[in-house]
Structure formats: C-alpha cells, structure tokens
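Note sheet for the following structure.
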Amino acid sequence: MEFIHCMPRTKNIDKESLDKPRKKRSREFITVTGMRDILPQDQKYWQLAENAAVKIANDYGYGKIDTPVLEYVDVFAKGIGKQTDIVEKEMFAFVDQGGDNLVLRPEGTASVVRAFIQHGFLNQPQPVRFFYYGSMFRHEKPQSGRFRQFYQAGYEAIGEDGPALDAQLILMGYNLLNDLGIEAVIQVNSIGCSVCREEYKKALVKYYRQHVKKLCENCESRLAKNPLRLLDCKEPGCQELKADVPQILDYLDDDCKKHFMKVLEYLDELNLPYALNPWIVRGLDYYNRTIFEYWSADDLEGKNALGGGGRYDGLVELMGGRENTPACGFSIGMDRVVAKLRDRNLDVAEPYQPDVFIAQLGESAKKKALVLYEALRHKFKLSQAFYKDGLKAQLEQANRSKVKYCLILGQKEVSDGTIMFRDMNGGVQEIVDFNKIETELTKRLEKYSGDEGVAVIDTEETKAALSHKRFKHDYGEREAENDLNTIDEPAEPAIDDAAPDAGGEDY
RNA sequence: GUGGAUGUAGCUCAAUUGGUUAGAGCACUCGGUUGUGGUCCGAGCGGCUGCCGGUUCAAAUCCGGUCAUCCACCCCA
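Residue numbering for the first sequence follows numbering that gives the first Met the number 0, beginning at 0 and increasing consecutively.
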C-alpha cells in the first residue's frame, strides 16, 4: 500500500465527472469503512467516559502516556503472536515512502512496553504504571459495537509480579465501569506460565485428537495453530466437546496455582462480583497467568466484552527488554462503554453550557458589547451572536443555548450607561447600571447555583444510576458477607465528584 | 473472509404495487413583530430516489451488477 492518491478518496466516479464542476459533490466524500465522526452532540458521552477513565488513572497512580499511532510492524508482530487473527489479517499495514514497514496500532500494550524499554523506565521504582487513551485500528468487518478505528483506555503496570497487582487492576476496570453506572461481571481465568501452558496444550490436543470428526473446520486448523482457542468456539459440535475437556486449572504448576489462588482471595476480600471462567482465552499470545474480561451483565456469552486484560510477564523480555520483567494490565473499549451510556438515555449536561447571553443592537452597542464580553468571559459562562444584527435572531439563539439570563445592550442603554437584564425563564426585564453588571449578575446566578454544574449528571435517575452502591449479583455465599467497608473507602470520593456541587471545573 | 437485510430531503418516514411535476413531519432560512426567544400562522430552501447497466411507451418501484450501511458468523474491545 502506498500513498499515491492526493485526491480525497471518492467512490465510483470517473475522472471526467471530477473535472466538470458540479453543484453538489459532497455526498461523494464519505468516511472510510469502519470509521466514523464523533459529532459535537455526542461528545458529552465521550467526555463523561474519558473523565471516568482519567479519574481511575489518578486514583491509582497511573501516569498518562501517549504513544504514536504508527509503529513498526515488529512491535506488534512479536508480542501479539503471528498466528493471531489480529496480526495475521487485521492490521492496517503498509510500506511508507522510505520503505519502512509501518502499521496503525491495533492495541496499546505493545506500544507501552516498547516505550518502557526505549526510555529506560526500568531505572524507576517498579512497578511503573501507565495509563493511555486513544484510538486503535483493526481491519475487521464492522458490526454493532465494532469499528475499524476504536477507542481504548488502558492501564499497564510493569515490573511487579505480586498477585495483589492483578487483583487491583481487575478492581480498577470494574470501578471504571461501575463509576459510569455500567453493571459489569468480571470473568477470570489463569492460563498458567509458558511451562504449564505447554503441558495443558498437549493435554488439550490429545483430547481433541480423539474427537477430530466433531470439530468444525476452523477448530481443526486451530488444533495445530492455537489449541487454546478451541475453548471459546461457539459451534455446537465443539461446545459439546467442552463438557469433558481437561481444565487448565488442573495443569497449573505450584507457583501459578498459588498466584491465582491469591488473586481470587483478594477479589473475594474486595467483594467483587466475579465468575471463574475456565473458557476465556485471550486472543493475544503474550498473556500468561491471570487473564480477565469485563462482560456487561446483560451479555451472558461475552460476545461484546467491554474490556479485558491480564498478565504478560514475558513480553518485556520478548521485546528486547530486561529478562524477568513481569507486567499486568487491561484495557476498556470506550466505544462500547459510550454505547451503553447512550442506551440508557442519560440526561448528561452539555459540557459547554453557558449561563449568560450578551445581545447588542446598533453599531455603538456592538462595539461596547464586544468589549464587555472580554471583561466578563473569565468570570461567567457566556454566549453571543455579535455577527447578527436583529434582536429577535439573537434572542432566538439565546433561547436555544438555554442561558438563564440575556443582557441586552442597545442605543438607549449605551447613552444611559445601563444595560437590560432579561430573565429567560419568565421574560422579566430590569434596567441595571452598566457598572454594576458583575455584582448584579453574580447575585442573580446564585439562585441557580443549586442545580448548576457541568457535573455531567442532572437527573435523579442518573444520580441513582451512578451512585456508588455496588450492584447486586447472584454469586451465592460471597454476596452474603456483604462487607463493603474495605471497598467503599476508595470509591467514596467519586460520589462527590458526581454530585451537583462539582461545579464547572470538570472540563 | 462468509451469510442475511436494507439504501428516497440534514433526520424519521410516505409514494394507492410500473403511470402526471417523488410527498409529509421534524430541522433550517425568511416573514407576520422597524428593540424581544419558547407557542402560533404564512412562505421559502432542501432530491442525479446510493451508483452503473438492462427490461419497458413509461422505473423510486422489475432484473443484473456494484458500492455502502446495519445485523449475524469468524475474531475481538
């Protein structure tokens, strides 16, 4: 693939039609398959989701890192695994003018590990904790909740092998979703280390060899290439075979088993709603030991996982870093999270909701209003339409932007040294001394301060949905303990954040 | 990559089953109101009916192809 085309990519037009100027051509310029625009009216949901992701990063000490969208192919080919679908057929890869093999990043972990090694982070206190937020690219067929450019928030902790890290990361992802009012169920499994996994793979292959005839075509080839993937095949025939399949947990060596038991112990202690799921196998080769996914509570098969992650103790070394550098992390699919937020029809406040509109009439008033706007814009949330002349048009705009007050400055007011305050709720108007605008405005806006706030969340329903009550799950005796003390502690500050008084500093 | 459904105005949908100039609501612009928003009334703007070809006196409508979107599978977040 090469960048030859300087013209925007168009569909189905011959060159002649391009030469002839036409009245309308806009329909011919459209987004590339699987890519979409995120329009202004949708930004509030994305903002809400991103804020929640950033808050988690801050709460647990994960420093933001931005890595390039383009990387050398090798960064991903090595760690993710050449046999995986992602590398085999889903990467946006091309050779650039200089002959380099480049790829649009299909995921974030490998980039972060690359950065960790490249910038010598091993000389910092371990683990080093990274947070990233950005778009990833995979050349898959788009469908619901899946795009070729999609957004992920990810958290990676490199240089620590204790099981408490695994548990805390699992907790973080859960908290992120929970903070947004999304009911998630955690699926956990351990796929052991490379040693016990090999043992297990042998056992798996041995088992499936006996039943080759029942396997679907895909699984037959998986048997040779990537036997672990047999486990999450949804074909009925393969499903049947799962009943007697050997369990990975029986093949874990002592260390791996101990590690995993500890992780589960911590999850119990945190009272997290998790399910031990021996069938989940992650699609990337670098994982070992603990792996986990977040499923929406209404998605029982995990068809649209909201996120996932796990340990990748071997990746740093594999990519040329120091040996024995353990690591663990996860990422959350923001597109799916945002879809959930939209589905619930939350009444999310506009992030740039102004309070006051400044209208002007006549040339001298316009000049004065321009200056007034500059004087007030740091103190109040303003809006205006100085390019319009009619008062009607300006009030229309004021109404549409849902401001509480409109300040009207006309010829009369200019010569009197006053300004007119119009309460947009009732239409009551008062003349105010021009020099007292600031104090009068402050006084009036105080009335509204109760229900003010970009806080993002306005309605009772939303508050309820986002309140930090743990969701109840049907997890048997674990539920009965119900000792929330340990977990409510870190979650508590988040309540304040979502509360009305959070004010406007959120963007 | 495989299978299914669908493409008409910015959006949501009509078009009596092949028959005049493709309509409506919402949205947008203007006017009713020369300095007053929401409501109301009136007018206007807006369509290569996805695209290409075929059948026909006649195609948004039927046929073929193509592209796109959505859904499912594969896989994944």
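The C-beta atom is built at its ideal place from N, Cα and C for all residues, glycine as well.
For the candidate residues the options, whose alpha-carbon lies nearest to that of residue i?
i, options, result
"Val507", "Asn287, Val127 and Pro226", "Nothing can be reported for residue 507, as the shown portion of the chain is limited to 0 through 506."
"Gly49", "Ala223, Val336, Ala156 and Lys212", "Gly is not the amino acid found at residue 49; the sequence shown has Glu there. The candidate whose alpha carbon is nearest that of Glu49 is Val336."
"Thr32", "Trp294, Phe146 and Pro39", "Phe146"
"Ser295", "Tyr273, Leu408 and Val86", "Tyr273"
"Pro141", "Ala152, Ala163 and Glu89", "Glu89"
"Phe329", "Asp95, Glu106, Asp41 and Asn303", "Glu106"
"Gly78", "Gly307, Val112 and Gln96", "Val112"
"Asp415", "Ser400, Asp432, Tyr150 and Asp388", "Asp432"
"Leu317", "Gly172, Asp284, Asn303 and Gly308", "Asp284"
"Ala364", "Gln148, Leu222 and Asp388", "Asp388"
"Trp278", "Gln186, Gln167 and Asp346", "Gln186"
"Leu271", "Asn177, His377, Cys255 and Ile331", "Asn177"
"Glu264", "Gln167, Glu182, Gly172 and Tyr206", "Gln167"
"Leu214", "Cys237, Arg128 and Leu222", "Cys237"
"Glu268", "Pro67, Thr417, Arg341 and Leu170", "Leu170"
"Pro126", "Leu164, Ala114 and Phe136", "Leu164"
"Lys380", "Thr441, Leu390 and Gly191", "Thr441"
"Met135", "Asp41, Val68 and Asp95", "Val68"
"Gly119", "Lys378, Glu70, Gly319 and Gly180", "Gly319"
"Glu139", "Gly98, Tyr447, Arg343 and Ile85", "Ile85"
"Arg343", "Ala223, Glu70, Tyr351 and Glu182", "Glu182"
"Gly361", "His377, Phe385 and Val72", "Phe385"
Exposed or buried, which one is residue i when buried takes at least 16 other CB atoms within 10 Å?
i, result
"Leu299", "exposed"
"Arg208", "exposed"
"Asp334", "buried"
"Arg421", "buried"
"Lys43", "buried"
"Pro325", "buried"
"Glu508", "Residue 508 is absent from the model: the chain starts at 0 and stops at 506."
"Gln310", "In the sequence under discussion, the amino acid at residue 310 is Arg, which differs from the Gln named in the question. Looking at its Cβ environment, which holds 16 or more other Cβ atoms inside 10 Å, Arg310 is buried."
"Pro39", "exposed"
"Asn57", "exposed"
"Ser220", "exposed"
"Glu239", "exposed"
"Ala392", "exposed"
"Glu412", "buried"
"Phe28", "exposed"
"Val315", "buried"
"Gln568", "Outside the shown range of the chain, which is 0 to 506, sits residue 568, and nothing can be said about it."
Measuring only the C-alpha atoms, how far is residue i from residue j?
i, j, result
"Lys81", "Gly282", "11 Å"
"Thr108", "Cys327", "10 Å"
"Ser189", "Glu155", "18 Å"
"Val262", "Gly301", "22 Å"
"Met34", "Leu444", "42 Å"
"Tyr61", "Met419", "50 Å"
"Tyr293", "Gly306", "5 Å"
"Val427", "Ala348", "26 Å"
"Leu229", "Ser193", "18 Å"
"Asn287", "Gly158", "15 Å"
"Ala242", "Leu275", "16 Å"
"Asn434", "Ala374", "12 Å"
"Phe129", "Asn100", "27 Å"
"Thr30", "Gln148", "11 Å"
"Ile247", "His258", "14 Å"
"Leu47", "Ala114", "28 Å"
"Leu390", "Lys366", "15 Å"
"Asn398", "Leu345", "22 Å"
"Arg516", "His210", "Residue 516 is absent from the model: the chain starts at 0 and stops at 506."
>> Quick check for students: name the residue ranges of the alpha helix (DSSP H) that lie wholly in the region 264–322, counting only runs of 4 or more.
In response: 314–317
> Would you say the region 251–268 touches the region 184–204, given that touching needs at least three Cβ pairs under 8 Å?
Replying inline: yes
> Using 8 Å as the threshold, is the region 348–355 in touch with the region 400–407, meaning 3 or more CB pairs across them?
Replying inline: yes
> Going along the chain, which unbroken runs of the beta strand (DSSP E) with 3 or more residues stay wholly within the region 341–422?
Replying inline: 355–359, 381–383, 404–408 and 417–422
> Which ranges would you report for the alpha helix (DSSP H) in the region 70–124 if only whole runs of at least 4 residues count?
Replying inline: 72–79, 84–88 and 108–117
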